[in-house]
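Enquirer: Everything in the sequence shown is counted per this note's numbering, starting at 854 for the first residue and increasing by one.
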Amino acid sequence: MRSFIELVVKKPVAVCMGIVAIVILGIVSLSRLPVDFLPNMELPFISVRTTYDNAGPEEVEKSVTRLIESAVSGINNVKTITSSSREGISSVFIEFNWGSDLSSATADIREALDRIRSSLPDDAESPAVYKFSTDNIPVMAIAFYGTDNLSALYDLVDNQILNRIKQVGGVAMAEIWGGLKTQIKVDVDMNRLQAYGLDINTIVSTLARENQNLAGGQTYEGVYKYTLRTTGEFKTVSDIGTVVVALKENNTPIRLRDIANIYEGYDEDMDIVKVNGAPAVSVSINKESGANTVGVSDSIKKQLDNLNLPEGIKYEVLFNTADTVNDSIAGVLDAAWQGGLFAVIILMIYLWKFRTVAIIAISIPMSIIVTFTLMY
């Protein structure tokens, strides 16, 4: 130790250069350190959500929820299982003991769900598994308003704005809330359906089968190779009406338009969003795990500033966690310099030696700056 101190004393220029280099490295590291609203923490909860369209709550519980509950009940470290069944949706919430390996638990749940997939109704979608984490909390929400035509506003946000937000580095997900989403509705006349001896499941499966594009393989002509594809997706409302759902005894086709009213409507499950009393469409944004909250927010703001919105359309940032982060950092910096100044004054009063106080005053911020280097 003594030889090291002697070396430092004999090489003052080299020591000063080393200190300056460490300080610069610390400042650069500080500017690149990621900041977040909350620490990244995985909560010991996993949810399983299954969509079963056109099924009532009792049918959802009997055909889906109970099967999933039974399948996941034998997984290790499960503390409690809570479920809810409503029209068209089954939700199962699984709480694990703190400290459980949620990645392993998620894999076990997916494996258990795969084993019962064949027992679920054919019309039910594959169960989706979600882990709860602080990263699931949106970091920003933006509302667009300025017109009473919510269908056009929804299309504007969905087709133009949403993709630009998703392209921002660090954005994991952007989701639309509110507005009116166009849907093609098929109102089946139940009396006609029964008269032809058909059921609603036949109609649903027929529409799903007809509304798809199919690969047709490949064909060769000399040195050229052609990929074939059969296009069967519906283009217009009239295309849906021409679908043959059954045949009469004389082989006359029964088309969907013969037993149903087909028209363009809106999704009735959309949320209602208003800004200062005006109808709006909002976008909630989640960042990727480990992404810099402030950096993501600044990039999104730049995209918003570059938007070429139609006349009358405006936007407003409903909340932005980056503002809270910046305020917190500003508060820490204020407390740091005020505390440092107070410490220097106290030392000066008691020691009354400027040189000693100066050394201590310089050492405190330098120690903090070196810490930033190690953190980065």
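Idealized CB from N, CA, C, for every residue including glycine.
What span of residues does the beta strand (DSSP E) with SER986 cover, start to end?
Expert: Looking at the DSSP string, the run of the beta strand (DSSP E) that includes SER986 is 981–986.
Enquirer: Secondary structure at THR1209, three-state DSSP: helix, strand or coil?
Expert: THR1209 falls in the helix class under three-state DSSP.
Enquirer: For MET1026, which beta-bridge partners are listed by DSSP?
Expert: Per DSSP, ASN1139.
Enquirer: Distance check for TYR1079 and GLU911, CA to CA, integer angstroms please.
Expert: Cα-Cα distance, rounded: 51 angstroms.
Enquirer: Helix, strand or coil, according to DSSP, for LEU896 in the structure here?
Expert: Here LEU896 sits in strand by DSSP.
Enquirer: Any idea which residues DSSP pairs THR904 with across the strands?
Expert: Answer by DSSP bridge pairing, in chain order: ILE942.
Enquirer: Of all the options LEU966, ASN930, ILE875 and SER936, which has the alpha carbon lying nearest to the alpha carbon of GLY952?
Expert: Of LEU966, ASN930, ILE875 and SER936, the residue nearest in Cα terms is ASN930.
Enquirer: Skipping 5 residues on each side, what residues in its chain have a beta carbon closer than 6 angstroms to that of ASN1139?
Expert: Closer than 6 angstroms at Cβ, skipping near neighbours: PRO991, ALA1025 and MET1026.
Enquirer: Determine whether the Cβ of PHE1172 lies closer than 8 angstroms to any Cβ atom of chain B.
Expert: Going by chain labels, chain B is absent from the structure shown, which holds only one protein chain.
Enquirer: May I ask you to list the residues that DSSP assigns as paired with GLN1071?
Expert: For GLN1071, which the question treats as bridged, DSSP gives the partners THR1080.
Enquirer: In terms of alpha-carbon separation, which member of ASN1145, SER1135 and ARG970 lies closest to GLU1169?
Expert: Taking only the C-alpha atoms, the option nearest GLU1169 is SER1135.
Enquirer: Note the first and the last residue of the continuous alpha helix (DSSP H) segment covering ILE1202.
Expert: ILE1202 -> alpha helix (DSSP H) spans 1174–1204.
Enquirer: Buried or exposed: VAL873, going by 16 or more other Cβ atoms within 10 Å of its Cβ?
Expert: Exposed: under 16 other Cβ atoms inside 10 Å.
Enquirer: If I follow the unbroken alpha helix (DSSP H) through ILE921, where does it start and stop?
Expert: 919–925 is the span of the alpha helix (DSSP H), which, as asked, contains ILE921.
Enquirer: Taking ARG885 and ALA924 to be in contact with their CB atoms under 8 angstroms, please state how far apart those CB atoms are, rounded to whole angstroms.
Expert: Actually they do not touch by this definition, with Cβ atoms about 45 angstroms apart.
Enquirer: Kindly give me the distance between the Cβ atoms of ILE899 and TYR998, rounded to whole angstroms, as I take these residues to be in contact under 8 angstroms.
Expert: ILE899 to TYR998, Cβ: 37 angstroms. No contact.
Enquirer: Just tell me which of LEU1100, ASN1129 and GLU1121 has its CA closest to the CA of ASP1111.
Expert: It is LEU1100.
Enquirer: Could you say which of ARG970, GLU1074 and ASN1064 lies nearest to LYS1088 if we only look at CA atoms?
Expert: Answer by Cα proximity: ASN1064.
Enquirer: In the DSSP output, what is SER936 paired with across the bridge?
Expert: Answer is VAL945, bridged to SER936.
Enquirer: Got a sec, what are the start and stop residues for the alpha helix (DSSP H) GLN1156 sits in?
Expert: Element bounds for GLN1156: 1146–1158.
Enquirer: Please report the straight-line C-alpha distance between VAL1128 and GLU1164, rounded to a whole angstrom.
Expert: Straight-line Cα distance between these residues: approximately 18 angstroms.
Enquirer: Let me check understanding here. Comparing Cα to Cα, which of PHE1195, VAL1210 and ALA1189 lies closest to ILE1221?
Expert: Per the Cα distances, ALA1189.
Enquirer: Who pairs with ALA1099 in a beta bridge, going by DSSP?
Expert: ILE1107, per the DSSP bridge assignment.
Enquirer: Give the secondary structure of TYR1225 by DSSP, where H, G and I count as helix, E and B as strand, and everything else as coil.
Expert: In the sequence as displayed, the identity of residue 1225 is Phe instead of Tyr. Three-state DSSP puts PHE1225 in a helix.
Enquirer: Please look up how many angstroms separate the CB atoms of LEU1204 and ILE995, rounded, as I've assumed it's under 8 angstroms.
Expert: With a Cβ gap of about 55 angstroms, LEU1204 and ILE995 do not count as contacting.
Enquirer: Going by DSSP, which residues form a beta bridge with GLN1036?
Expert: Partner(s): GLY1118.
Enquirer: Quick check: what's the CA-CA separation for CYS869 versus LEU1186?
Expert: Cα to Cα, CYS869 sits roughly 26 angstroms from LEU1186.
Enquirer: Count the other CB atoms within 10 Å of the CB of ILE1198; is the residue buried (16 or more) or exposed (fewer)?
Expert: Exposed, since its Cβ has fewer than 16 Cβ neighbours within 10 Å.
Enquirer: Measure the Cβ-Cβ separation of TYR1116 and LYS1038 and say whether it is below 8 angstroms.
Expert: Yes. Within cutoff.
Enquirer: Check the C-beta distance from ILE947 over to VAL913 and give it rounded, since I have them as a contact under 8 angstroms.
Expert: The pair is not a contact, with the Cβ atoms about 18 angstroms apart (cut-off 8 angstroms).
Enquirer: Please classify SER956 as buried or exposed, where buried requires at least 16 neighbouring CB atoms within 10 angstroms.
Expert: Result: exposed.
Enquirer: Give the single residue among SER1091, MET1123 and VAL1126 whose Cα lies nearest to the Cα of LEU1109.
Expert: Looking at the Cα atoms, SER1091 is the closest of the given residues.
Enquirer: Helix, strand or coil: how does DSSP classify GLU1086 here?
Expert: Coil at GLU1086, not helix or strand.
Enquirer: What separation, rounded to the nearest whole angstrom, lies between the Cα atoms of VAL881 and VAL1223?
Expert: VAL881 and VAL1223: Cα-Cα distance of roughly 11 angstroms.
Enquirer: If you draw a straight line from the alpha carbon of LEU1003 to that of VAL917, how long is it in whole angstroms?
Expert: For LEU1003 and VAL917, the distance between alpha carbons rounds to 35 angstroms.
Enquirer: Let's see if you can read the secondary structure: which residues bound the alpha helix (DSSP H) around ARG1018?
Expert: Checking the displayed sequence, the identity of residue 1018 turns out to be Ile instead of Arg. Segment 1015–1019, the alpha helix (DSSP H) holding ILE1018.
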